[in-house]
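Structure, as C-alpha cells:
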Amino acid sequence: MTTTATPDAPPKVALRHRLAERGVDTLLLLALPASVFMAVLFFYPAAYGVYLSFHPLPGGGGFFGNYQAFFTQPYMRDSILNTFRIALPAALINVVFAVPVSLVMRRRIHGQKALNTLLVVPITLGTVLVAQGLLIYLGPRGWLNRTLTALGIISNPIQLVHNNLGVVIALIVTGFPFAFMLTASYLSGINPNLEAAAGTLGASSWRRFTNVTFPLLAPGLAITFCLTFVLAFSVFPSAQLLGNASGGAHVLAIAAANAAFQDYNYPMASTISVITAVIELIVVALVLGLRSRLYSGSTSNAGKA
Amino acid sequence: MAGILTDVPQSAKTSREKVTIRSVGGWLIWALVVFFFINVFAVIAAVLVQSFGSTWFDSWFPTGWTTRYYGYAWNNFQLPNILLVTLEVALTVTVVALLIGAPTAYVLARRDFPGKRILNLCFLLPIMVPTITYGIPLATLLYQVHLGGTVGGVILANLVPTVPFVILVLTPFIEQIDPNIETAARSCGAKTHQVLLQILAPLIVPGLLASALLVLVQTVGLFEMSYLVSGPGSQTLVVALYYAVFASGIRPAQAISAMAVMYMLTTLILLVVALRFVSPTQMVAQVPDPQRK
Chain A
2 MTTTATPDAP PKVALRHRLA ERGVDTLLLL ALPASVFMAV LFFYPAAYGV
52 YLSFHPLPGG GGFFGNYQAF FTQPYMRDSI LNTFRIALPA ALINVVFAVP
102 VSLVMRRRIH GQKALNTLLV VPITLGTVLV AQGLLIYLGP RGWLNRTLTA
152 LGIISNPIQL VHNNLGVVIA LIVTGFPFAF MLTASYLSGI NPNLEAAAGT
202 LGASSWRRFT NVTFPLLAPG LAITFCLTFV LAFSVFPSAQ LLGNASGGAH
252 VLAIAAANAA FQDYNYPMAS TISVITAVIE LIVVALVLGL RSRLYSGSTS
302 NAGKA
Chain B
11 MAGILTDVPQ SAKTSREKVT IRSVGGWLIW ALVVFFFINV FAVIAAVLVQ
61 SFGSTWFDSW FPTGWTTRYY GYAWNNFQLP NILLVTLEVA LTVTVVALLI
111 GAPTAYVLAR RDFPGKRILN LCFLLPIMVP TITYGIPLAT LLYQVHLGGT
161 VGGVILANLV PTVPFVILVL TPFIEQIDPN IETAARSCGA KTHQVLLQIL
211 APLIVPGLLA SALLVLVQTV GLFEMSYLVS GPGSQTLVVA LYYAVFASGI
261 RPAQAISAMA VMYMLTTLIL LVVALRFVSP TQMVAQVPDP QRK
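Below is the structure:
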C-alpha cells in the first residue's frame, strides 16, 4: 500500500486518496442517516420478523412449529387460496384494461392532465374511504342496485358487498388508476416513430400493436402487474370492511393482523407475514422471469427496433 | 410523413374500414372509462349525500337534509384531537423525511461508489414491499421499546416508506442540475457545506417542495402503518375513520359519513395544492424506468 508513497507521507493519506479515487470520501457520510434509519426500522424488523417466525410461543412446537401450524390448519391454508382468488382477478383486470385505455388516451394529448388528475382522486382518497363509500353505493339499497332494478336488469338486489366481489371492486377502484398511470408512463417512453415505421411497411394496426408496441411495453407491463398484484395480495382495510360480515374477507393480511392483535401471538403473525412476502416474491420472480423470455422472443420477430 | 403514407399501396376503402373498427374500439374504451368515473364519483357522492341526510333508508335520496351530524361527528369522534395528531404526524414526517432523505439523494445522484447499486436497491425495497408485510414485525418491535401507541411511534413507522420515497423523487431531480455549477463554486473557494447550502439548496427548492407535498398527501392517506402502531390518543384521521366504519352500528351512519367527508376534504385540499407543483403521475410511486437502464 505504501510502496508508491514517499517515506514521510503517512499511509493514512494514501488510503484516503485511494478510496477517494473510487468515489469513497467523507461526502458519502451524507447518506449515513437515511441508511442507518432504514437498517434500524426496515431491515432489522424484517429480520426480526423472520427470526420470530421460527420461535413459536411456548407449546407452539419446535423450530418450524408456526409453519407447521399454518399449513395444517385448514382455515389458515385456505387463506392463501382466497387471497389469490381476490388478488389475481383484481390485478389482471387492472393491467388488462390499462393497456387499451392508455393506448386510446395516448392519441388525445390535450385532455391528458385533466384525466390524470381525475384518476389520482381515488388513489389519494385511499382504501378506507373507498371502502366506506362502496358500502353505501353497492349496498342492497344503494344507488347501483336501485339503478339496475329500475332499468329492469335485475329483479332483486344483488349482493355486491360483504363478499369477495366487494373486495375485488374496491381493488379495481384504487388499483386501476395506479395501473393505468404506470402503463401510460411506460407507453410514453416508446418512440411513436417505431410504430409509424411499421405502418409505412404495411403493418395493420393490430400487427403494429402485437409486433411493435406490445413487445416494447411488455417489460413495463410486467412491473405494473407485479406492483398491482403485490398491492392486491396484501389487501387489508378494504378486505376487513367489504369482506365477509363475520370477520372480513379471508385474506392473509387479516389473518396476520388477527394473530397479532386478537391472539397476541406475534410469532404467528410474523410467520403469516413471512409467508405472504415469500408468495409475493415467488409471483414477482415468475412474472419477471416470464418477462425476460417474452421480451427477447418478440424483439427478434419485430427485427432490430 | 403523410406523403409516404398515401404512397402505401392500399385502397382507400380498406383503410377507411380500419378507421371505423378502430374508432368503434376507441369509443368502447371511452365508454368504459366514463363508466369507471361515474362509479367512482357515485361512491364519493354517496358518502356526501349520506352525511347531509336526516334519514335515508329505502329511497333514492334522504327524506330530509341536515348538517347536525357534522357537529355530532366533531364531538363524538374526538375530531379536534385526531386532526391535531394527523397534522403533527404529517408535518413531522415530511420535515424529517426531507432532512434525512435529501442528503442521501445528493450522494446517490452525484457519486459513483462501490456498493451504490445495493444501496439503491435497499431504498427501493421498502417502496415495492407492501407496508402490511413488514409493518407487523415493525409494530411488534415498537411496542417492545414502548413506542407503540404513541405519536412518536406513529411518526417513526410512517417514515419507513416515506424516506425512500423522498430519495426516489429527489435523486433524478438533483441529477439534472449541472454539476459544473458546484465545481465553479469550489474553484472559487467554497467549502463543501457552502456548496451544499448556498449553491445547491436554492436550486433544488422546487424538488424539495414537490417531494414535501407528495409525502404530505401520502402520510395523511397512508393507513396501514398508522393503524398498526397507533393506540388511543395517537390515531390519525384515516385510522379513526376505519375504526368508525368497522364499528358501524354504534354511531349513526350519517356521522361516520360526515367524518369521511372531513377526511375527504383534507386530502382533496392537499391534492389540489400538490397538483399545482407536481404532475399527477408523480403521486403514484415512481418505478425504475426500463428505458433508462
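Chains A and B supply the protein sequences, listed in that same order. Count along the first sequence from 1, then add 1; that gives the number in this note's numbering. Count along the second sequence from 1, then add 10; that gives the number in this note's numbering. Don't be surprised by glycine CBs; every beta carbon is placed ideally from N, CA and C. As the structure is a prediction and not an experimental result, all values here were calculated from the model.
B/W66 (DSSP reduced to helix, strand or coil): Walking along the second sequence from the start, residue 66 of chain B turns up at place 56. In the three-state reduction of the DSSP assignment, B/W66 falls in the coil class, being assigned neither a helical nor a strand state.
B/G111 at chain A interface by Cβ criterion, 7 angstroms: For the purposes of this step, residue 111 of chain B is taken as residue 101 along the second sequence, with counting starting at 1. The C-beta of B/G111 comes closer than 7 angstroms to at least one C-beta of chain A.
Cβ-based burial, A/L152 [other Cβ within 10 Å; buried from 16]: Reading the first sequence from its first residue, position 151 is the one you call residue 152 of chain A. With fewer than 16 other beta carbons inside 10 angstroms of its own, A/L152 counts as exposed.
Beta-carbon contacts of A/L139 that lie in its chain and below 6 angstroms, excluding the five residues immediately before and after: For the purposes of this step, residue 139 of chain A is taken as residue 138 along the first sequence, with counting starting at 1. Answer for A/L139: L145, L161 and V162, listed in chain order.
Nonlocal neighbours in the same chain, by C-beta distance under 6 angstroms from A/M269, ignoring five residues either side: Here the question's residue 269 of chain A lines up with position 268 in the first sequence. Contacts found: N67 and A260.
Within-7 angstroms CB hit, A/L166 to chain B: As a position in the first sequence, residue 166 of chain A is number 165, starting the count at 1. Closer than 7 angstroms: no.
Burial state of A/L31, where buried means 16 or more other Cβ atoms lie within 10 Å: Indexing the first sequence from 1 puts residue 31 of chain A at position 30. Counting Cβ neighbours within 10 Å, A/L31 comes out buried, since at least 16 surround it.
From A/A48, A/L289, A/T128 and A/A250, residue whose alpha carbon lies closest to that of B/M274: In the second sequence, the residue the question calls residue 274 of chain B occupies position 264. The shortest Cα separation from B/M274 among A/A48, A/L289, A/T128 and A/A250 belongs to A/T128.
Close-in-space but distant-in-sequence residues of the same chain around A/F72 (CB under 7 angstroms, 5 per side omitted): Numbered from its first residue, the first sequence carries residue 72 of chain A at position 71. In its chain, beyond the 5 residues on either side, R78 have a beta carbon closer than 7 angstroms to the beta carbon of A/F72.
CB contact check: B/G231 to chain A, cutoff 7 angstroms: Position 221 of the second sequence, counted from the first residue, corresponds to residue 231 of chain B. Yes, its Cβ sits closer than 7 angstroms to a Cβ of chain A.
Residue-chain proximity (B/P290, chain A), Cβ-Cβ < 7 angstroms: Start at 1 with the first residue of the second sequence, and residue 290 of chain B comes out as number 280. Chain A, which has a Cβ nearer than 7 angstroms to the Cβ of B/P290, makes this yes.
B/G125, buried or exposed, once every other Cβ within 10 Å from all chains shown has been counted against 16: Your numbering for residue 125 of chain B matches position 115 in the second sequence. Taking all protein chains shown into account, B/G125 has fewer than 16 neighbouring C-beta atoms within 10 Å of its C-beta and is therefore exposed.
Integer-rounded CB distance, given that B/V106 should sit under 8 angstroms from B/F175: Along the second sequence, read from residue 1 onward, the residue named residue 175 of chain B stands at position 165. Along the second sequence, read from residue 1 onward, the residue named residue 106 of chain B stands at position 96. The C-beta distance from B/F175 to B/V106 rounds to 13 angstroms, too long to fall under 8 angstroms, and the pair is not in contact.
B/T291 - DSSP class collapsed to helix/strand/coil: What you label residue 291 of chain B is simply residue 281 of the second sequence in a count that begins at 1. Helix at B/T291.
Boundaries of the alpha helix (DSSP H) in which A/A151 is found, first to last residue: In the first sequence, the residue the question calls residue 151 of chain A occupies position 150. Taken as a continuous stretch (DSSP letters only), the alpha helix (DSSP H) holding A/A151 covers W144 to A151.
Nearest-angstrom Cβ-Cβ length linking A/A254 and A/F237, presumed shorter than 8 angstroms: Translated into the one-based positions of the first sequence, residue 254 of chain A becomes position 253. Translated into the one-based positions of the first sequence, residue 237 of chain A becomes position 236. Confirmed, about 4 angstroms.
First and last residue of the uninterrupted alpha helix (DSSP H) at B/V103: Within the second sequence, numbered from 1, the residue matching residue 103 of chain B stands at position 93. Note, B/V103: alpha helix (DSSP H), L89 to R120.
Start-to-end residues for the alpha helix (DSSP H) that takes in A/Q241: Taking the first residue of the first sequence as position 1, residue 241 of chain A is located at position 240. In the DSSP assignment, A/Q241 falls within the alpha helix (DSSP H) that extends over P238 to L243.
Cross-chain neighbours of B/I372 in chain A, by beta carbon under 7 angstroms: The shown model of chain B, from 11 to 303, leaves out residue 372 of chain B, and the question about it has no answer.
Contact list for B/E192 against chain A, beta-carbon separation under 7 angstroms: Along the second sequence, one-based indexing puts residue 192 of chain B at 182. Ordered by position in chain A, no residue passes the 7 angstroms Cβ test against B/E192, which lies about 11 angstroms from the chain.
C-beta neighbour in chain A for B/V44, strict 7 angstroms: Sequence index remark: in the second sequence, residue 44 of chain B carries index 34 (1-based). Cβ-Cβ to chain A under 7 angstroms: no for B/V44.
CB contact check: A/A32 to chain B, cutoff 7 angstroms: Here residue 32 of chain A refers to the residue found at position 31 of the first sequence. Judged by the 7 angstroms Cβ criterion, A/A32 is in contact with chain B.
Interface residues of chain A facing B/R121 [CB-CB closer than 8 angstroms]: Your numbering for residue 121 of chain B matches position 111 in the second sequence. Near B/R121 (Cβ distances below 8 angstroms), the residues of chain A are G24, L28 and L29.
Within-7 angstroms CB hit, B/I48 to chain A: By one-based count along the second sequence, residue 48 of chain B stands at place 38. No, because no Cβ of chain A sits closer than 7 angstroms to the Cβ of B/I48.
Interface flag, B/T16 vs chain A, CB-CB below 7 angstroms: Translated into positions along the second sequence, residue 16 of chain B becomes position 6. In this predicted model, B/T16 has a pLDDT of only 42, less than 50, meaning its place in the structure is not dependable; the value taken from the coordinates is given anyway. Chain A, which has no Cβ nearer than 7 angstroms to the Cβ of B/T16, makes this no.
Chain-ordered neighbours of B/G36 on chain A, where CB pairs are closer than 7 angstroms: Sequence index remark: in the second sequence, residue 36 of chain B carries index 26 (1-based). Within 7 angstroms Cβ-Cβ: V105.
Proximity test, Cβ basis, 7 angstroms: B/T65 and chain A: Residue numbering aside, residue 65 of chain B sits at position 55 when the second sequence is read from its first letter. At a cut-off of 7 angstroms, the C-beta of B/T65 has no neighbouring C-beta in chain A.
Local conformation of A/R292 per DSSP, three classes: The residue labelled residue 292 of chain A in the question sits at position 291 within the first sequence. The answer is helix: DSSP assigns A/R292 an H, G or I state.
Sequence ranges, alpha helix (DSSP H) only - wholly within the region 94 to 148 of chain A, length at least 4: The alpha helix (DSSP H) runs of length 4 or more contained entirely in the region 94 to 148 of chain A are, from start to end of the chain, 113 to 138.
Which residues DSSP lists as bridging B/W75, in chain order: In the second sequence, residue 75 of chain B corresponds to position 65, counting from 1. Bridge partners of B/W75: B/G63.
Contact with chain A by B/Y252, beta-carbon distance below 7 angstroms: Along the second sequence, one-based indexing puts residue 252 of chain B at 242. Yes, B/Y252 counts as interfacial toward chain A.
CB contact below 7 angstroms: A/M182 versus chain B: The residue labelled residue 182 of chain A in the question sits at position 181 within the first sequence. Nearest CB-CB separation between A/M182 and chain B: below the 7 angstroms threshold.
Pair within 7 angstroms by beta-carbon distance, A/L195 and A/V213: Counting from one through the first sequence, the residue named residue 195 of chain A turns up at place 194. Counting from one through the first sequence, the residue named residue 213 of chain A turns up at place 212. Their beta carbons are under 7 angstroms apart, which means A/L195 touches A/V213 by this criterion.
Closest by C-alpha distance to B/G231, when choosing among A/F43, A/T175 and A/I280: Within the second sequence, the letter at position 221 stands for residue 231 of chain B. Check the Cα spacing between B/G231 and each of A/F43, A/T175 and A/I280: the tightest is with A/T175.
Limits of the unbroken alpha helix (DSSP H) element including A/N194: Your numbering for residue 194 of chain A matches position 193 in the first sequence. That run of the alpha helix (DSSP H) goes P193 to T201.
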